[in-house]
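Step one of this worksheet: look at the structure below.
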Amino acid sequence: MQLSTGITVASARTGNVIYRGQPTSPVLGDTNNQNGRVRAGSASNKGGLRSGDSFPTSTPWIRDSLNIGRDWPPCKVWEGTLTQGEDVCLIVPTIWEYDPGQHFLEGWADWAFDIGTKIRDRLPSLVGPHAQWQVNALSLGLDLAVSIKKITGTSASRPIGMKPDPKNRDTHVFDPYVLVLNYDTADRIAREEPSGRGRGVLAVRYLESPDLRGDYMLYLQVDRVDNDTRPVRLRSANYPDRFIQHRNFLVELVEPTTDGDRRDNAFVPVPGLSDPAGVSFESISFPGHYLRHQGFELKLQPRTEDALFMLDATFRELPGLADPKASSFESVNYPGHFLRHRGFRIYLDPAISETLYRQDATFFRVY
8 MQLSTGITVA SARTGNVIYR GQPTSPVLGD TNNQNGRVRA GSASNKGGLR
58 SGDSFPTSTP WIRDSLNIGR DWPPCKVWEG TLTQGEDVCL IVPTIWEYDP
108 GQHFLEGWAD WAFDIGTKIR DRLPSLVGPH AQWQVNALSL GLDLAVSIKK
158 ITGTSASRPI GMKPDPKNRD THVFDPYVLV LNYDTADRIA REEPSGRGRG
208 VLAVRYLESP DLRGDYMLYL QVDRVDNDTR PVRLRSANYP DRFIQHRNFL
258 VELVEPTTDG DRRDNAFVPV PGLSDPAGVS FESISFPGHY LRHQGFELKL
308 QPRTEDALFM LDATFRELPG LADPKASSFE SVNYPGHFLR HRGFRIYLDP
358 AISETLYRQD ATFFRVY
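Mapped onto this note's numbering, the consecutive letters of the sequence shown carry residue numbers 8 to 374.
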């Protein structure tokens, strides 16, 4: 999981801590090691962040269209899958809590605006002259993993939680702001400028808060995730019940019938080992093993730093030869040669102008 240090992440479903970083200074969102208090990774019904989940990029805080530089924290977390027909959750990772009798909301507001003023004053020197500081009406529009001291020069720490504090059962915790979009809506927003403030940017407005008394604007950015690292299965275009699968380290076209089959036909697509513009496939059941052609036959072998291995394990993913909605995979070191099934084994064969070849060399990604 690609996370900054200095934070604690837990499953929103179970409350179990799955990651804890070691802060070098007090950070907003640190639990200060208080028992029973953990940072919520999400608040959707999909179960929260889990080990193995990934952010879209290793630096999700880079938002060029908002004139935001690399020192700005993330303002979103993807959960679920951005695939057609499914919903995704765009989560603002901010949490606020209610402490009865402690005037928490008023105190939080004063604290937030004080910090906000300091950050606003320093933003131009950190991330450029056009950067703006935005605060949500009921939560701080700042990711919980960022060190306030780094930005303002002074420490600021406030414990937060996703479940009641065992020392004070009257303390209640509310969910982060969650915006649920279906695939079509998310895809359209990611490609357009609905708010006029940059591609994929949504402006969420909150009016006349009885506690904060004002108008507040929160900006969310929806990105299309093209370099996905979810496990994928490659389904044959002309044998739709069969998938590319390794067996005894050879690769075949198999109809899965067991859980073992479903593990052995799942791969993680990663940037090409010899060319990041290409793609390589790492086995789920044998981590560190990749699909590579050898003797013009596809095999599963452990990764080495050998240049030939890197080339043999890298493919160019192109629109499917038989169906442009699917994919075909061309060898980087044998241009014009594509992965295709033949006799239910997977080979690297030179392209020929035949319908059967095009069908045999076309595969659908299935998540």
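Glycine residues also receive a C-beta, built at the ideal position from the N, C-alpha and C atoms.
Query raised in the report: Going by beta carbon distance, what residues of the same chain come within less than 7 Å of Ala368, once the five residues before and after it are set aside?
Result: Leu328, Ser335, Phe345, Leu346, Arg347
Query raised in the report: By DSSP, does Asp330 sit in helix, in strand, or in coil?
Result: coil
Report task. Determine the DSSP secondary structure at Phe351, reduced to helix, strand or coil. Result -> coil
Query raised in the report: Short check: CB of Val275 to CB of Pro309, under 9 Å?
Result: no
Query - Assigned secondary structure, Arg165 (DSSP; H/G/I helix, E/B strand, else coil) - result: A caution first: Arg165 carries a pLDDT of 33, below 50, which makes its placement in the model too unreliable to give a value.
Report task. Let me know if Thr38 comes out buried or exposed under the rule of 16 or more other beta-carbons within 10 Å of its beta-carbon. Result -> Bear in mind that the predicted position of Thr38 carries a pLDDT of just 30, short of 50, making it unreliable; the figure below should be weighed with that in mind. Buried, since its Cβ has 16 or more Cβ neighbours within 10 Å.
Requested in this report: Pull up the DSSP beta-bridge partners for Arg299, would you.
Outcome: Lys306
Query raised in the report: Which stretch, first to last residue, makes up the beta strand (DSSP E) that contains Arg1?
Result: Not covered by the structure: residue 1. The range shown for the chain is 8 to 374.
Query - Terminal residues of the beta strand (DSSP E) in which Arg372 lies - result: 370 to 373
**Report entry** Nearest neighbour of Gly285, chosen from Asp271, Ser338, Asp313, Gln252 [CA to CA]
**Finding:** Ser338
Query raised in the report: Where does Phe316 sit, in a helix, a strand or coil, going by DSSP?
Result: helix
Query raised in the report: Quick one: does His253 have its CB under 9 Å from some CB of chain B?
Result: The structure shown contains no chain B; it holds only a single protein chain.
**Report entry** For Leu363, three-class secondary structure by DSSP
**Finding:** helix
Query raised in the report: On the three-state DSSP scale, how would you describe Asp356?
Result: strand
Report task. Going by CA-CA distance only, name the one from Pro326, Ala333, Gln301 that's closest to Leu318. Result -> Gln301
**Report entry** Beta-bridge pairing of Phe274 - partner residues as DSSP gives them
**Finding:** Val239, Ser290
Query raised in the report: Terminal residues of the continuous beta strand (DSSP E) containing Tyr261?
Result: Here the sequence assigns Val to residue 261, which means Tyr is not the residue at that position. First-last of the beta strand (DSSP E) with Val261: 257 to 261.
Requested in this report: Report the three-state DSSP secondary structure of Arg195 (helix, strand or coil).
Outcome: helix
Query raised in the report: Between which two residues does the beta strand (DSSP E) containing Arg249 stretch?
Result: Premise fails: Arg249 is in no beta strand (DSSP E) and is neither H nor E.
Query raised in the report: What distance in whole Å lies between the Cβ atoms of Phe250 and Asn272, which are believed to be in contact at a cut-off of 8 Å?
Result: 4 Å
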